[in-house]
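Visitor: Quick one: the structure is below, questions incoming.
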Amino acid sequence: MELLKTLQELNACFGPSGEEKEIRECIRRIAPGRIDEVRVDALGNLILRRKGSGPKVLFAAHMDSIGLIVTHIEKEGFLRFGNIGGLVAENILHATVRFKNGVRGTIVPDQSADRTKLSLNDLYVDIGAESEQQASSLIRIGDTAVYDAPANLAGGRIISPYLDNRISCIALLWAMEQIGESANDLYFVFTVQEEPGLRGAKPAAFEIDPDYGIVCDVTPAGDQPGSKHYGSSSLGGGAAIKVMDTSVICHPDMVDRLRALAEAGSIPYQNDVIVRGGTDAGPIHTTRGGVQTGGISVPCRYIHTPQEMADAEDVTHCASLMAAFAMSRLPARS
Amino acid sequence: MIELIKELCAVPGVSSFEDEIRARIEREIRPHASDVRTDAVGNLIAFKRGAKRADHPLMITAHMDEVGFIVKKIDDKGFVRFAPVGGIDRRTVIGKKVLIGKHRIPGAIGLRAYHLVSAKEEKIVPDIADMYIDIGAADQKQAQSLVSIGDEIVFDSDFVEFGDGMIKAKALDDRIGCAAMIHLIQKELPIDCAFVFTAQEETGARGAFGATFSIRPRIALVLEGTTAADVPSVKGHRRVTCAGEGPVLGVMDRGAIYDRDLFERLRHLADNRGIPWQTKRFIAGGTDAQAIQTTAGGVQVAAISVPVRYIHTSSSVASIRDCHHMVELAEAFIHSVAEDPGAKSE
Chain V
76 MELLKTLQEL NACFGPSGEE KEIRECIRRI APGRIDEVRV DALGNLILRR
126 KGSGPKVLFA AHMDSIGLIV THIEKEGFLR FGNIGGLVAE NILHATVRFK
176 NGVRGTIVPD QSADRTKLSL NDLYVDIGAE SEQQASSLIR IGDTAVYDAP
226 ANLAGGRIIS PYLDNRISCI ALLWAMEQIG ESANDLYFVF TVQEEPGLRG
276 AKPAAFEIDP DYGIVCDVTP AGDQPGSKHY GSSSLGGGAA IKVMDTSVIC
326 HPDMVDRLRA LAEAGSIPYQ NDVIVRGGTD AGPIHTTRGG VQTGGISVPC
376 RYIHTPQEMA DAEDVTHCAS LMAAFAMSRL PARS
Chain C
281 MIELIKELCA VPGVSSFEDE IRARIEREIR PHASDVRTDA VGNLIAFKRG
331 AKRADHPLMI TAHMDEVGFI VKKIDDKGFV RFAPVGGIDR RTVIGKKVLI
381 GKHRIPGAIG LRAYHLVSAK EEKIVPDIAD MYIDIGAADQ KQAQSLVSIG
431 DEIVFDSDFV EFGDGMIKAK ALDDRIGCAA MIHLIQKELP IDCAFVFTAQ
481 EETGARGAFG ATFSIRPRIA LVLEGTTAAD VPSVKGHRRV TCAGEGPVLG
531 VMDRGAIYDR DLFERLRHLA DNRGIPWQTK RFIAGGTDAQ AIQTTAGGVQ
581 VAAISVPVRY IHTSSSVASI RDCHHMVELA EAFIHSVAED PGAKSE
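Chains V and C, in that order, are what the protein sequence lines are.
Each residue of the first sequence is one higher than the one before, counting from 76 in the numbering used here.
Each residue of the second sequence is one higher than the one before, counting from 281 in the numbering used here.
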């Protein structure tokens with residue numbers, strides 16, 4: 076499964092939080108390796124199971140993306156919108172967006188707005204419509220849009236929209252490809268609605284009732300100019316083993332286990348602490364009686380902008396570490 | 281139905297103090313339900329058999345609690361200090377009449393006398409911590425004999441029908457939804473339904489979780505009151521919803537992204553029946569759907585809300601037409617689900 080081609084295939088799928096059907100069907104189609112059971116739950120989580128007699132392990136990568144949702148159509152045909160997940164006004168100025176039906180538009184600030192204090196309420200989408208009537212024939216209130224930006228390689232790195240979290244979906248798919256003999260009962264879950272508040276993983280974890288959880292997501296890197304070091308990781312520094320984010324403090328046994336597996340397999344890794352942002356590890360580790368949960372993350376710059384950046388080698392290492400965990404001997408639930 | 285809304289609004293039911301409103305609603309629904317129970321959090325759950333049996337009943341909810349206050353302290357002069365329960369704009373409470381505790385001790389929310397207020401102070405909205413309730417007590421001892429720390433405080437406000445088919449009362453959010461459910465439960469239903477009058481929505485959708493966990497529905501419909509801003513000086517996309525322009529169909533708010541297929545279904549049903557509808561022009565607020573959606577293995581959620589101006593104040597205003605349209609659309613939704621559940625899970 077080639078990185079750029081797969082990423083482009085996933086990016087071509089529409090999939091803002093709440094509308095993950097296209098991306099779900101694509102992942103379902105290309106998922107490699109042995110899969111014994113396929114399920115989609117009430118919220119739309121895709122649950123792929125590879126049966127085993129050992130402990131249940133839940134791997135999760137969210138497949139939804141941030142986006143925008145139309146809340147009002149102006150008389151002149153301009154669209155006002157709200158955010159789905161973390162959209163910041165200054166990050167999206169003049170970004171091109173596309174709607175599910177293929178309509179494209181550009182995000183523009185109101186000429187009267189104070190550029191130093193922009194909020195989403197100052198922005199609109201211009202879809203080239205001449206009137207409310209024409210705009211309404213193309214777009215309805217409640218319709219959603221996503222960034223329409225290319226994915227490119229830049230040396231050993233990738234510049235693309237929605238590396239959060241399509242790149243982790245790829246890492247998990249690669250891991251599935253590599254898994255050999257394993258006694259564990261493996262669940263690969265591509266979750267929905269992570270971006271607006273970690274909502275999809277909760278019911279998925281409840282139904283699966285796992286012994287262990289591993290969450291794969293991007294993590295904000297702390298290696299760009301002027302960094303305030305909200306994140307500890309660097310691009311190219313290897314798989315980021317989660318110690319803590321705002322939704323979880325990973326169980327020390329899980330952190331140790333992942334470090335030991337990385338050492339044993341000569342997989343480059345780094346320790347990941349972020350003080351802003353949570354992940355699906357939050358709802359998973361507090362499900363039912365509690366689940367030992369760890370995280371393996373891809374360090375990423377410029378998260379939630381139309382052009383995020385990650386290192387291709389890091390993705391490989393994340394996949395290897397997940398595969399190693401899937402094949403490891405795990406103690407039965409205490 | 282309007283008479284019922286009037287009666288329900290008159291009953292106090294600040295979050296977690298829902299005993300009276302629950303008893304009042306129970307009296308209405310008991311003759312029509314197959315089974316009625318109250319759970320540990322105080323949710324009132326009524327089950328009604330429909331023509332079609334369902335392993336997972338269709339769950340319909342409206343919250344019966346309302347915003348209010350709670351007694352924090354009785355000071356040495358016999359004035360009552362208080363804190364809000366639920367989201368209340370403090371600008372709206374000064375000078376309002378309230379009732380405290382089970383014995384409904386009357387009081388008025390007061391402030392330091394105007395002639396003592398400096399020009400600077402006049403421009404600032406005082407903190408609720410600086411306000412007090414005057415219950416007319418002579419001293420601390422007399423006040424303590426009338427009210428206790430922890431007593432609930434509810435707005436004292438009448439019900440008025442006025443203007444172009446509008447109503448004004450406290451607690452329209454969400455006694456309108458409760459009245460709609462009472463109306464629906466009296467009908468012959470096409471499918472098994474669980475009607476839940478939830479507790480503690482206003483303090484963070486806390487009641488709905490337990491009810492959903494015990495009922496385990498696949499689909500839930502929330503009937504709500506939502507904020508309207510069709511008032512002077514608010515224009516265009518900032519008018520979040522408009523009273524009288526039809527019920528609001530849930531697409532997305534701060535708590536939930538509603539199930540897309542169910543939203544489309546509601547929109548389709550409304551269009552086919554000529555029921556006006558709108559969506560929020562602002563991504564704001566939340567409903568019990570946020571708790572319901574992620575409970576147990578997950579639930580597909582839909583919401584129909586009536587726009588309410590001055591929501592969470594002692595004088596909230598709504599349109600009678602919107603209330604009727606909400607019931608009509610909810611009934612159409614129940615029939616539609618009976619014909620085709622359209623479940624997402626496989």
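For glycine and all other residues, C-beta sits at the position ideal for the given N, C-alpha and C.
Predicted model only: the values in this text are computed from it and were never measured.
Could you tell me the distance, in whole angstroms, from the CA atom of A536(C) to the CA atom of Q570(C)?
Guide: Within the second sequence, numbered from 1, the residue matching residue 536(C) stands at position 256. Within the second sequence, numbered from 1, the residue matching residue 570(C) stands at position 290. Roughly 5 Å separates the two Cα atoms.
Visitor: Give a yes or no on whether the C-beta atoms belonging to L121(V) and R99(V) are separated by under 8 Å.
Guide: Sequence index remark: in the first sequence, residue 121(V) carries index 46 (1-based). Sequence index remark: in the first sequence, residue 99(V) carries index 24 (1-based). Closer than 8 Å, so yes.
Visitor: Could you work out which residue in H383(C), A576(C), A623(C), I325(C) is closest to I340(C) when comparing CA atoms only?
Guide: Start at 1 with the first residue of the second sequence, and residue 340(C) comes out as number 60. If we check each option's Cα against that of I340(C), I325(C) comes out closest.
Visitor: How far does the beta strand (DSSP E) with L123(V) in it extend, from its first residue to its last?
Guide: Counted from its first residue, the first sequence places residue 123(V) at position 48. First-last of the beta strand (DSSP E) with L123(V): 121-125.
Visitor: By the criterion of Cβ-Cβ separation under 7 Å, what are the contact partners of A399(V) in chain C?
Guide: Indexing the first sequence from 1 puts residue 399(V) at position 324. In chain order: nothing, as chain C lies at least about 30 Å away.
Visitor: Please state whether DSSP places Y377(V) in a helix, a strand or coil.
Guide: If you number the first sequence from 1, residue 377(V) lands on position 302. Here Y377(V) sits in coil by DSSP.
Visitor: Looking at chain C, is there any beta carbon in it that lies within less than 8 Å of the beta carbon of N158(V)?
Guide: For this step, residue 158(V) is matched to residue 83 along the first sequence. True, the Cβ-Cβ gap to chain C drops below 8 Å.
Visitor: Around the Cβ of P428(V), are there at least 16 other Cβ atoms within 10 angstroms (buried) or fewer (exposed)?
Guide: Given that chain V is displayed from residue 76 to residue 409, the structure contains no residue 428(V) and the question cannot be resolved.
Visitor: From T575(C), H605(C), D568(C), T593(C), pick the residue whose C-alpha is nearest to that of L546(C); which is it?
Guide: To locate residue 546(C), count along the second sequence from 1; it is residue 266. Checking every option, the nearest Cα to that of L546(C) belongs to H605(C).
Visitor: List the residues of chain V whose Cβ lies closer than 7 Å to the Cβ of Q580(C), in chain order.
Guide: Residue numbering aside, residue 580(C) sits at position 300 when the second sequence is read from its first letter. Ordered by position in chain V, the residues that pass the 7 Å Cβ test against Q580(C) are A117.
Visitor: By the DSSP assignment, the beta strand (DSSP E) with G348(C) in it spans what residues?
Guide: Position 68 of the second sequence holds residue 348(C). Where G348(C) is concerned, the enclosing beta strand (DSSP E) stretches over 348-354.
Visitor: Are there 16 or more other CB atoms within 10 angstroms of the CB of R498(C), so buried, or fewer, so exposed?
Guide: Working through the second sequence from its first residue, we reach residue 498(C) at position 218. R498(C) is buried by the Cβ-count criterion.
Visitor: Leaving aside the five residues before and after K311(V) along the sequence, list all residues of the same chain whose C-beta is less than 7 Å from its C-beta, in chain order.
Guide: Reading the first sequence from its first residue, position 236 is the one you call residue 311(V). Correcting the residue identity first, residue 311(V) is Gly in this sequence and not Lys. Closer than 7 Å at the Cβ level, and outside the excluded window around G311(V), lie D386, E388, D389.
Visitor: Need the endpoints of the alpha helix (DSSP H) that C328(V) sits in, please.
Guide: Within the first sequence, residue 328(V) is the residue found at index 253, counting from 1. Rather than Cys, the amino acid found at residue 328(V) in this sequence is Asp. According to the DSSP assignment, D328(V) belongs to the alpha helix (DSSP H) that extends over 327-339.
Visitor: Give me the chain V residues within the contact set of H517(C), using Cβ-Cβ distance strictly less than 8 Å, ordered along the chain.
Guide: By one-based count along the second sequence, residue 517(C) stands at place 237. In chain order: T146, H147, E149, R155, N196.
Visitor: Count Cβ pairs between the stretch 79-93 of chain V and the stretch 227-239 of chain V that sit closer than 8 Å; are there 3 or more?
Guide: yes
Visitor: Assuming L333(V) and I316(V) are in contact, meaning their beta carbons sit under 8 Å apart, how far apart are those beta carbons, in whole angstroms?
Guide: Within the first sequence, the letter at position 258 stands for residue 333(V). Within the first sequence, the letter at position 241 stands for residue 316(V). Sure, about 5 Å apart at Cβ, within 8 Å.
Visitor: Taking 8 Å as the threshold, find out whether the stretch 398-405 of chain C comes into contact with the stretch 429-447 of chain C through three or more Cβ pairs.
Guide: no
Visitor: Which residue marks the beginning of the beta strand (DSSP E) containing T266(V), and which one marks its end?
Guide: By 1-based counting over the first sequence, the position of residue 266(V) is 191. 260-266 is the extent of the beta strand (DSSP E) around T266(V).
Visitor: Across the stretch 197-217 of chain V and the stretch 241-249 of chain V, are there enough close Cβ pairs to call them in contact, namely three or more that are closer than 8 Å?
Guide: Because the criterion of three Cβ pairs below 8 Å is not met, the stretch 197-217 of chain V and the stretch 241-249 of chain V do not touch.
Visitor: Using 8 Å as the Cβ pair cut-off and three pairs as the minimum, do the stretch 552-559 of chain C and the stretch 464-481 of chain C touch?
Guide: no
Visitor: Within this structure, are the beta carbons of A229(V) and L193(V) separated by less than 8 Å?
Guide: Your numbering for residue 229(V) matches position 154 in the first sequence. Your numbering for residue 193(V) matches position 118 in the first sequence. Result no, Cβ atoms of A229(V) and L193(V) do not sit closer than 8 Å.
Visitor: From the DSSP output, which residues share a beta bridge with R173(V)?
Guide: Reading the first sequence from its first residue, position 98 is the one you call residue 173(V). R179(V), V221(V), per the DSSP bridge assignment.
Visitor: According to DSSP, is V248(C) helix, strand or coil?
Guide: Outside the displayed range of chain C (281 to 626) lies residue 248(C), so it cannot be described from this structure.
Visitor: If you count every other CB in all the chains shown that lies within 10 Å of the CB of D299(C), and 16 or more means buried, which is it?
Guide: In the second sequence, the residue the question calls residue 299(C) occupies position 19. Burial call: exposed.
Visitor: In angstroms with no decimal places, state the Cα-to-Cα distance between D320(V) and E270(V).
Guide: Here residue 320(V) is taken as the residue at index 245 of the first sequence, counted from 1. Here residue 270(V) is taken as the residue at index 195 of the first sequence, counted from 1. If I take the Cα positions, the gap works out to 15 Å.
Visitor: What does E619(C) pair with, by DSSP beta-bridge criteria?
Guide: Here residue 619(C) is taken as the residue at index 339 of the second sequence, counted from 1. Partner(s): none; E619(C) has no beta bridge.
Visitor: Give me, in chain order, the residues of the same chain whose beta-carbon lies closer than 7 Å to that of H463(C); leave out the 5 immediate sequence neighbours on both sides.
Guide: Along the second sequence, read from residue 1 onward, the residue named residue 463(C) stands at position 183. Within the same chain, H463(C) has close Cβ partners M281, V607.
Visitor: Taking C-beta pairs closer than 8 Å, name the residues in chain V that I368(C) reaches, listed in chain order.
Guide: Residue mapping note: residue 368(C) aligns to position 88 of the second sequence, counting from 1. What I368(C) touches in chain V: nothing, since even the nearest Cβ is about 24 Å away.
Visitor: Counting Cβ pairs closer than 8 Å, one from the stretch 259-266 of chain V and one from the stretch 206-221 of chain V, do we hit at least three?
Guide: no
Visitor: Roughly how many angstroms separate the alpha carbons of L79(V) and A226(V), rounded to a whole number?
Guide: Along the first sequence, read from residue 1 onward, the residue named residue 79(V) stands at position 4. Along the first sequence, read from residue 1 onward, the residue named residue 226(V) stands at position 151. The alpha-carbon atoms of L79(V) and A226(V) are separated by roughly 7 Å.
Visitor: Taking the C-alpha atoms as reference points, what is the distance between K303(V) and A314(V)?
Guide: Here residue 303(V) refers to the residue found at position 228 of the first sequence. Here residue 314(V) refers to the residue found at position 239 of the first sequence. The straight-line gap from Cα to Cα measures roughly 21 Å.
Visitor: Considering only residues of the stretch 527-589 of chain C, which uninterrupted beta strand (DSSP E) runs meet the minimum length of 3 residues and lie entirely inside it, listed in chain order?
Guide: 580-588
Visitor: Anything in chain C within Cβ reach of S92(V), meaning under 7 Å, just list it in chain order.
Guide: Locating residue 92(V) in the first sequence gives position 17, counting from the first residue. Residues of chain C passing the Cβ test: I537.
Visitor: Per DSSP, what are the beta-bridge partners of G306(V) in this structure?
Guide: Taking the first sequence and counting its residues from 1, the one referred to as residue 306(V) is at position 231. The partner list for G306(V) (beta bridge, DSSP) reads I349(V).
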